[in-house]
Structure formats: C-alpha cells, structure tokens
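What follows is a short report on a single structure.
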Amino acid sequence: MPGSPEPSNSGAGNQVSRTDPSAASVATPTPEAPVTPVRLLSPGDQTQKPPARPRIGGFHVCSPEKATRYAGAVLDLRSDPIALTAALVDIPSESRHEARIADEVEAALRAQTSSFEIIRDGDAVLARTRLGRPTRVLLAGHLDTVPAAGNLPSRRTTEAEGDVLHGCGTVDMKSGDAVFLHLAATIAEPAHDLTCVFYDCEEIDAAANGLNRIERNLPDWLVADLAILGEPTGGFIEAGCQGTLRVVVTAGGTRAHSARSWLGDNAIHKLGAVLDRLATYRPRSVDIDGCVYREGLSAVRIDGGVAGNVIPDAATVTVNFRFAPDRSPEQALTHVREVFDGLDVAIDQTDVAAGALPGLTAPAAAALVAAADGQVRAKYGWTDVSRFAARGVPAVNYGPGDPNLAHCVDERVPVSQISAVTDLLRRFLTG
1 MPGSPEPSNS
11 GAGNQVSRTD
21 PSAASVATPT
31 PEAPVTPVRL
41 LSPGDQTQKP
51 PARPRIGGFH
61 VCSPEKATRY
71 AGAVLDLRSD
81 PIALTAALVD
91 IPSESRHEAR
101 IADEVEAALR
111 AQTSSFEIIR
121 DGDAVLARTR
131 LGRPTRVLLA
141 GHLDTVPAAG
151 NLPSRRTTEA
161 EGDVLHGCGT
171 VDMKSGDAVF
181 LHLAATIAEP
191 AHDLTCVFYD
201 CEEIDAAANG
211 LNRIERNLPD
221 WLVADLAILG
231 EPTGGFIEAG
241 CQGTLRVVVT
251 AGGTRAHSAR
261 SWLGDNAIHK
271 LGAVLDRLAT
281 YRPRSVDIDG
291 CVYREGLSAV
301 RIDGGVAGNV
311 IPDAATVTVN
321 FRFAPDRSPE
331 QALTHVREVF
341 DGLDVAIDQT
351 DVAAGALPGL
361 TAPAAAALVA
371 AADGQVRAKY
381 GWTDVSRFAA
391 RGVPAVNYGP
401 GDPNLAHCVD
411 ERVPVSQISA
421 VTDLLRRFLT
431 G
C-alpha cells in the first residue's frame, strides 16, 4: 500500500511500523481517564524487557513512562488469561469505539513480546513472527463488542459449574482475545510462525468489518496455512461455517376498498402459499470432513398493508437461507428460486455471504484436530472464517464461551473453558 513501510526481514525485536500517518495520532480519551503524554518507543526500547511492576488482576500498575495514552494500567499479557479476560472486558469497546482497547493491546504487545513485528492499521493491531518456520498459523479476534447492557465492569461468581466471569464481551470474544494475547507473550519457541490479528467493527454491518480494510491495505498479513478465529465455541473446534442468503419474496395485487374486497386482489393472502412452502420445507443435512451441517430456510420478516380499510396491492416476506458450505452463493439462490417455483411472486436477493468448507484435511488443521482429540463439530452460523476460506486459507473457530450467551445481558463464560482453550492451543502451537 502506498505509504506503507516494507516489512522487516529481521525476526528479532518488535518492529515499529504503521500503515498511515493517522495511526500515530492521539485519540480523544474517555472522560473518566486522565490524559498522559504519548511516548513512542524508540527502536532500542523495543528490545528491552520492561522492568518488573506490581500487578492488579490482568493489569500492570502503570509507571509514568508507560507507552500508551491512557493513565492507570497496562495489560499484563503474561498474567493468567482469566485475569487478562477481565482486564479486556473492563475496557469498553463498542463497535466504532475501539481506539482505547487497540491502544492498550498495541502497547502491551510492544512492551511484552520480543519476536514480533507489530503494525497498526486504523483500530486494528497486527503482530507476526518471521522465524523461518515451515508453516504459519494466524490467530484472529475482533476487539469490538455490541453495546453494553449494564453488564460492565466484569464480575466473577461461583456457580454450580464452577467459577464464572460475567460481562459484555466475556463470550464474544474477549476471552478468545485474551488467550491469543497470552500465548503470543508466553510461547518462546513456537512450532509455527505466528500472526495475530486483532481487528475492529466485526459486530456491525459487514462493509465496516476491519478485515476488509486489512485485506486491502495489508493482504500479505492474512497469508497462513491455518487461521483460528477465537469466536465462542464452548471449547469445541467448530470447522468452517455455513453461508447465509436473504431474499425478499414479493406478491402483487390490486388495491381496493375493503368494503368491496371483490374488486381487489389481496397481496397478503397470496403470501399464504409462500408460507406453506416454508412450513413444509425439509432442510438438508450434509456431512463434510466428518462435520454435519444443517441447512435452514426461514421467514424472518413480513411486510404488508396500506390501511385498515384497504385491500393491499403488495406484500413481502423476507426469507433467510442458511446453506451448507458445499453450495456456492449462486447455487443457494437457485435452490431458493426452485422452492418457490410456480408461485406468482418476485424474488430479489438482498444479502449473501459464502460459507467456508472445514478444510480439516490440510496438514496444519489436521494437527489441530489431533491436539483436540477429535472434539470437532460444524459451525452453523456465519463467521469471518469465510473470509479466510475465500483466500484459500483453511480456517476454524475455536474459543471459550457458549455462543448462545453472546450479546446477552448475562453474557458469561466458565473460567475453566478459558484455561482449557489456552492449554490446547499451547500444545498445538508448540508442537
């Protein structure tokens, strides 16, 4: 990209580089946080270990010369990943407001890792080793969350299943981010070269997703033999993902006064045949690489009506098709048209995203499955693994937390899952 420095050929020390001048600008701090001057680390600082500092939870107590613009504490990547999860959760990072957490992650990576080249792209932070390993594993996680719902700061309780960490982002997906950051700081001799991508704006419309910008600006940073996204999977490896397609099915009619309904043609009534097709639809299940994907075709919205005394001349039903990754988006649309064949309706596609094949036969993916003792299942929802699959990179989802609790008021994760995911990935990454 114009203006981007060439990547360093040296694997020793953290390399300071940024994709554009705005990456070095000072963001406006949150009102609660007193401002401290920004001190950019010099190249000599990058190779020095930071002095020991007292810790509180997942934070280091901050010294005056901390290389971040926020006072108080810097993330301690070497602390227990459970404490690190709580520390990340306690930094609010609603979509489009990730500057502070990106600053803290960047500062911590620069201060506490020694073999990574580190770069900032907007509110995304990327780090990679260049150790000459035969394979490269990419660890990716988004830094943003949905808006908090009175569930910050984090809190820890003891439940029937053991200790549980509560708070916005504990599941989706700051526990996964904490695992990746902890491993980056504590694995001295990885069996694979590592790339870490912590990005912004995943929780809003796909066009804003930070991976789009990274793919445009820094495509070589997304090259890998395997990508692992830390989305919540309950500690299972969830392979690939299903695709998603939305269409609007429109029925037309003739408007008339409802007192003389025989003069009109009721468009809402015509949707009855559409709903009948959906109600009797039998979705397909397909086994790919030992993972069973279950398709679904569902009405998700109905619109129609003009007034309480008018026969409507138009009505629509929005239909969502979740399709197995052995179908292309074009094949998925063809299938939906076949389902409604013969009905007097128009079908217009409004949104589509391809699925991702599991790719578990790739050597790096097979090694991960072996490390997980075969605890693998299909991913039904759409995730960013599809973006990597489109680039020819086998990708899986693997992270702590029950995805059914993502975005909930009582979002929570058993701390045992954070430890288990950390332990498995450490075994895999150290080979």
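Mapping of the sequence shown onto full-length UniProt numbering: position 233 corresponds to residue 233, and the numbering continues sequentially without gaps.
Cβ atoms here follow ideal geometry from the backbone N, Cα and C, with glycine treated the same way.
Residue i in three-state terms, based on DSSP
i: residue 264; result: coil
i: residue 170; result: helix
i: residue 91; result: coil
i: residue 349; result: strand
i: residue 404; result: helix
i: residue 397; result: strand
i: residue 422; result: helix
i: residue 321; result: strand
i: residue 82; result: helix
i: residue 370; result: helix
CB contact flag (residue i, residue j, <9 Å)
i: residue 368; j: residue 247; result: no
i: residue 325; j: residue 365; result: no
i: residue 344; j: residue 279; result: no
i: residue 393; j: residue 222; result: yes
i: residue 170; j: residue 399; result: no
i: residue 112; j: residue 236; result: no
i: residue 249; j: residue 319; result: yes
i: residue 196; j: residue 397; result: no
i: residue 122; j: residue 260; result: no
i: residue 104; j: residue 75; result: yes
i: residue 346; j: residue 329; result: no
8 Å contact criterion, which residue i and residue j should meet: CB distance rounded
i: residue 254; j: residue 348; result: Not confirmed; about 21 Å, so no contact.
i: residue 244; j: residue 203; result: Residue 244 to residue 203, Cβ: 16 Å. No contact.
i: residue 162; j: residue 416; result: 6 Å
i: residue 271; j: residue 310; result: Actually they are not in contact, since the Cβ atoms of residue 271 and residue 310 sit about 16 Å apart, beyond 8 Å.
i: residue 200; j: residue 139; result: Residue 200 to residue 139, Cβ: 16 Å. No contact.
i: residue 395; j: residue 409; result: Contact flag wrong, Cβ pair sits at about 30 Å.
i: residue 77; j: residue 229; result: With 8 Å as the limit, residue 77 and residue 229 do not qualify as a contact, their Cβ atoms being about 20 Å apart.
i: residue 239; j: residue 360; result: 6 Å
Alpha-carbon spacing of residue i relative to residue j, whole angstroms
i: residue 147; j: residue 342; result: 44 Å
i: residue 291; j: residue 258; result: 53 Å
i: residue 340; j: residue 194; result: 48 Å
i: residue 184; j: residue 381; result: 28 Å
i: residue 80; j: residue 275; result: 52 Å
i: residue 186; j: residue 232; result: 22 Å
i: residue 285; j: residue 321; result: 13 Å
i: residue 293; j: residue 358; result: 10 Å
i: residue 439; j: residue 110; result: Absent from the structure is residue 439, since the part of the chain shown begins at 1 and ends at 431.
i: residue 135; j: residue 192; result: 5 Å
i: residue 404; j: residue 414; result: 14 Å
i: residue 93; j: residue 152; result: 11 Å
i: residue 433; j: residue 118; result: The structure shown does not extend to residue 433, since the chain is modelled only from 1 through 431, so no value can be given for it.
Any non-hydrogen atom of the ligand NAP within 8 Å of residue i CB
i: residue 369; result: With respect to the ligand NAP, the structure shown offers nothing to examine, as it has no ligands at all.
Segment contact flag, the stretch 175 to 190 with the stretch 414 to 423, C-beta cutoff 8 Å, min 3 pairs
yes
Per the contact definition of three or more C-beta pairs closer than 8 Å, is the stretch 121 to 128 in contact with the stretch 387 to 401?
no
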